[in-house]
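K.L.:
There are 2 protein chains.
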Amino acid sequence: MTGALKPGDRLVELKIAGEMATSQAPVREALRELEAMGVVETLRNKGARVRVISDEELRQIYDVRAQLEGYASELASASGPALLSRLEDCVGKMRKAARKGDSMAFADHNMAFHRAIVEGSGNTVLLGMWETLNVKMRTMVNVARSSRNLVDLAESHMPIVDAIAAGDGARAHEAAKQHVLDNKPVMTAEGPDAGQ
Amino acid sequence: MTGALKPGDRLVELKIAGEMATSQAPVREALRELEAMGVVETLRNKGARVRVISDEELRQIYDVRAQLEGYASELASASGPALLSRLEDCVGKMRKAARKGDSMAFADHNMAFHRAIVEGSGNTVLLGMWETLNVKMRTMVNVARSSRNLVDLAESHMPIVDAIAAGDGARAHEAAKQHVLDNKPVMTAEGPDAGQ
DNA sequence: GAGTCAAATATTATCGATAATCGTTCAAAG
DNA sequence: CTTTGAACGATTATCGATAATATTTGACTC
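Chains as they are written, first to last, in this note's numbering: chain G, 1 to 196; chain R, 1 to 196.
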């Protein structure tokens, strides 16, 4: 699980089974599960390898995530005050982590914030799709921002919180959508602007 | 595949293996694949059963689909004329099937229409999510409309086509979203209005 | 020297059997 | 009569070995 394997690495069933002191069958099961989560991909009779997500696909994921979280925020605006305090708590912890430059903790609280919104939507299908996209993104190494940017990033969540607090679904939708799009990675080959 | 199994039916691996004149392993693989597609669900140590989609989940699927197809239409508005002729072709075939009262053919062309839009978006991630939702819906028996309604239903696609033809992304987004929501099934228990 | 076919190798897919696990039944005690 | 607990039955999970398949290597022909 925590083993450092690079994208594109081949995953040979019997080899892993030997290292794990188990048989081929459980490894197969695990690989099938990872495949369903989108972490690895398997080609028939050719075996599994760690899935490599192209820049283009990553950008597409952000686009879809923006739509999904926009809609989730819209629904969550009709939720109770429990969600709101949870969101404010997340932002508070993000601010603290940002000041300390702890990008790991920041990423955790950031994730918790977004998850809280999607959970708060009350739409379990939506939550399932969001989680699928999330797992795919996790395979990327998209941390390592400067602490200065982290502070700004923490604050950039507030428009969403404000809109949900006001119960303004349309505004929350737009704010969440924009928030995700603002963090969408820029194209590496063509025009690498300072996006976020 | 074409075997008639009702939702909720248990799927015993060795039993199926016996009927198929094969071993347990391939059946397991197949069940795992079906699980990934959302057709069956497996409980640990309890086996697989045909997934039963509740009314509430079906309605949630429609809500998410509305968002996804709205966004797809927005993107597809920037696509070329090839998509447009394909969409018009689908509507034409839908009209024909509607007049003949052929609900099976209608469902096929209807599906082709919506798929064309999502494919035309050029976002493969979006396409993947849409297909997942679609497979889940397929397990439902949501055909059997009167031929009168089919004619109306065919025409209800035109606002989407018009908006895409005009290259108006925002209008296409809204039209597609509304189209899906208009077809969202109503709640069975509370207030079964004439939605459609 | 280049191309093609066959053997060798590496790896997945499948098999038959066994172990582990869960729900259920039945009997005995309170 | 109820409740507890152990044995049973059914089913999944795992094992070790074998078969099937794809890729690579190597020799042989032209």
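Where a beta carbon is used, it is the ideal one built from N, C-alpha and C, also for glycine.
Pick out whichever of 51/G, 15/G and 24/G has its Cα sitting closest to the Cα of residue 6/G.
P.N.:
51/G
K.L.:
Enumerate in chain order the residues of its own chain whose CB-to-CB distance from residue 70/R is below 6 Å, with the five nearest sequence positions on each side excluded.
P.N.:
173, 176 and 177
K.L.:
To which residues of the same chain is residue 65/R closer than 6 Å at the C-beta, ignoring the five residues directly before and after it?
P.N.:
Cβ neighbours of residue 65/R within its own chain (closer than 6 Å, five residues either side excluded): 133 and 180.
K.L.:
If the criterion is Cβ atoms closer than 8 Å, does the pair residue 160/R and residue 125/G meet it?
P.N.:
no
K.L.:
For residue 49/R, report the span of its beta strand (DSSP E) as first-last.
P.N.:
In the DSSP assignment, residue 49/R falls within the beta strand (DSSP E) that extends over 47-50.
K.L.:
May I ask you to list the residues that DSSP assigns as paired with residue 40/G?
P.N.:
50/G
K.L.:
Using a Cβ-Cβ distance under 8 Å, would residue 61/G count as near chain R?
P.N.:
yes
K.L.:
What does residue 78/R reach in chain G if we use C-beta pairs closer than 8 Å?
P.N.:
Under the 8 Å cutoff, chain G gives no residues; its nearest Cβ is about 13 Å from residue 78/R.
K.L.:
Once the 5 residues before and after residue 112/G are set aside, which same chain residues still bring their CB inside 6 Å of it?
P.N.:
The answer, listed in chain order, is 90.
K.L.:
Compare the C-beta of residue 179/G against all C-beta atoms of chain R and say whether one is closer than 8 Å.
P.N.:
no
K.L.:
Give the secondary structure of residue 11/G by DSSP, where H, G and I count as helix, E and B as strand, and everything else as coil.
P.N.:
The three-state reading of DSSP puts residue 11/G in strand, counting E and B together.
K.L.:
Can you name, in chain order, every residue of its own chain whose Cβ lies under 7 Å from the Cβ of residue 165/G, other than the five neighbours on each side?
P.N.:
Setting aside the 5 residues that flank it on each side, residue 165/G is surrounded in the same chain by 84, each with a C-beta closer than 7 Å to its C-beta; the list follows chain order.
K.L.:
Helix or strand or just coil, what does DSSP make of residue 2/R?
P.N.:
Caution applies to residue 2/R, whose pLDDT of 48 falls short of 50 and renders its modelled position unreliable; the value that the coordinates give is listed next. Coil at residue 2/R, not helix or strand.
K.L.:
Within the 8 Å Cβ cut-off, does residue 187/R reach chain G?
P.N.:
no
K.L.:
Please state whether DSSP places residue 186/G in a helix, a strand or coil.
P.N.:
coil
K.L.:
Note down the Cα distance separating residue 130/R from residue 16/G, rounded to an integer number of angstroms.
P.N.:
34 Å
K.L.:
Are the C-beta of residue 129/R and some C-beta of chain G separated by less than 8 Å?
P.N.:
So yes, residue 129/R belongs to the interface.
K.L.:
Looking at the structure shown, is residue 156/R part of a helix, part of a strand, or coil, going by DSSP?
P.N.:
coil
K.L.:
When DSSP labels each residue in this structure, what does residue 22/R get in the three-state scheme?
P.N.:
Three-state DSSP puts residue 22/R in coil, outside helix and strand.
K.L.:
Go through the stretch 56-137 of chain G residue by residue and report every complete run of the alpha helix (DSSP H) that reaches 4 residues or more, in order.
P.N.:
The stretch 56-137 of chain G contains these whole alpha helix (DSSP H) runs: 81-100 and 103-120.
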